[in-house]
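Written below as structure tokens is the structure these notes are about.
2 protein chains.
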Amino acid sequence: MPHPIRRNTRQKQAIRDAFIEADRPLSPEEALSAAQRHYETLGIATVYRNIKSLLAEGWLDPVSLPGQSTRYEVAGKAHHHHFHCRKCGRMFELGGCASTVLPKPPRGFQVAGHELMLYGNCARCAGSSSGVRRRASR
Amino acid sequence: MPHPIRRNTRQKQAIRDAFIEADRPLSPEEALSAAQRHYETLGIATVYRNIKSLLAEGWLDPVSLPGQSTRYEVAGKAHHHHFHCRKCGRMFELGGCASTVLPKPPRGFQVAGHELMLYGNCARCAGSSSGVRRRASR
DNA sequence: ATGCAACTGACAGATCGCTATCATTAGAGG
DNA sequence: CCTCTAATGATAGCGATCTGTCAGTTGCAT
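And the structure:
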């Protein structure tokens, strides 16, 4: 049996909603906090289990970034890259991809893909040098 | 005293040599194996300690890549990017940087830097579909 | 050559990200 | 409404990475 019966639990829906609303890659911990706004007693184990099953279903895509634990975003988006805020640690999506101009690898190397990360301060952090916080979305 | 006396031990020199000879980013474990060719009884704790101090001295730069533990390379090189072999897991340096064409971040975002990773198979792994191994440099 | 403290190696232990276990809860087909 | 069992929440445990401890070693100033 490749696919056991899948139940549509409130927890799983809360997790899906969290990813849809965030519209940026979330770590399991971020997904937990976000989904807990929909289902308060949600546990971290359930988040890991559902991320796993949403990956298997192809509903989520993994987004790994240096030095951090893997994050996940809703699958099916066009090729894009990410921005990582060094201050708040959140990750954002960027528009297009400059993949036309990639460095040339040495002879014999086969390039299968690429990943571009921009680093810096997000709008909220860049503007909050003295602590101007708009919303606590964390 | 910001700088206690630094001794130039054989172990530290072996670690420096390992990075110089490798000419690519090494993980602590890779650095251990490589440096043990210069100093057999080297321990992993010493590698971590010296990587830390070489970072503080500015002799090493950290190179983090998604999903892997941080690697390190000799500092002071020109801006460049990296290639990660999906087969053998080793990391290589690439030539130029196409930084002229970066995706534009949303309004208010401050870009401080970028990191580009190419993925695929390195020359050795791409050519060894049936196991043509040249040298065991691991 | 001598002495001392920086350094080392071995390994215990902290930390992190994730998985396994298990009693309990709750989808969903009948 | 009942039943069956997938799914959950709590938490113990695991592997990987890195740090702390400490007795013993060794670079280096004298």
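Residue numbers (the working numbering), protein chains in the order written: chain L, 90 to 227; chain B, 90 to 227. Positions of the beta carbon are idealized from the N, C-alpha and C atoms, including for glycine. Since the model is a prediction, treat every value here as computed from it, not as a measurement.
With fewer than 16 other Cβ atoms from the protein chains shown falling within 10 Å of its own Cβ, residue 176 of chain B counts as exposed. Taking the C-beta atoms as reference points, residue 171 of chain B is found nearer than 9 Å to residue 205 of chain B. Of all residues in the segment 205-216 of chain B, the ones placed with a Cβ closer than 7 Å to any Cβ belonging to chain L are 205, 206, 207, 208, 209, 210, 211, 212, 215 and 216, in chain order. By the 16-neighbour rule on beta-carbons within 10 angstroms, residue 101 of chain L is buried. Residue 101 of chain L has a beta carbon lying at 9 Å or more from every beta carbon in chain B. Residue burial annotation: residue 210 of chain L is buried, with at least 16 other C-beta atoms found within 10 angstroms of its C-beta. When Cβ pairs closer than 8 Å are counted between the two stretches, the segment 154-163 of chain L is seen to touch the segment 111-121 of chain L, the count reaching three or more. Residue burial annotation: residue 129 of chain L is exposed, with fewer than 16 other C-beta atoms found within 10 angstroms of its C-beta. Contact of residue 194 of chain B with chain L by beta-carbon distance below 7 Å involves 172, 183 and 207. Residue 124 of chain L and residue 199 of chain B do not touch by the CB rule: their CB atoms are close to 30 Å apart, not below 8 Å.
Between residue 151 of chain B and residue 162 of chain B, the alpha-carbon positions lie close to 7 Å from each other. For residue 153 of chain B, the nearest beta carbon of chain L is closer than 9 Å to its own beta carbon.
Proximity of residue 179 of chain L to chain B, defined by a Cβ-Cβ separation below 9 Å, is not satisfied.
From the beta-carbon of residue 201 of chain B, the residues of chain L found nearer than 9 Å are 175, 207, 208, 209 and 210.
For residue 202 of chain L, the uninterrupted beta strand (DSSP E) run begins and ends at 199-210, by DSSP.
Residues 100 of the same chain have their beta carbon placed closer than 6 Å to that of residue 135 of chain B, with the five preceding and five following residues left out of the count. Where residue 150 of chain B is concerned, the enclosing beta strand (DSSP E) starts and stops at 149-152. CA-to-CA, the gap between residue 97 of chain B and residue 138 of chain B works out to about 14 Å. The beta-carbon distance between residue 105 of chain L and residue 179 of chain L, rounded to whole angstroms, is 20 Å. This is too long to meet the 8 Å contact definition.
Put simply, the CB of residue 156 of chain B is near chain L, with a gap under 9 Å to one of its CB atoms. Under the Cβ criterion of 9 Å, residue 127 of chain L is not counted among the residues facing chain B. Runs of alpha helix (DSSP H) with 4 or more residues, each lying fully within the segment 123-170 of chain L, are found at 133-145, listed in chain order. Listed along chain B, the residues sitting closer than 7 Å to residue 197 of chain L by beta-carbon distance are 212, 215 and 216. Listed along chain L, no residue sits closer than 8 Å to residue 135 of chain B by beta-carbon distance, the nearest being about 23 Å off. Bounds of the alpha helix (DSSP H) holding residue 99 of chain L are 99-111.
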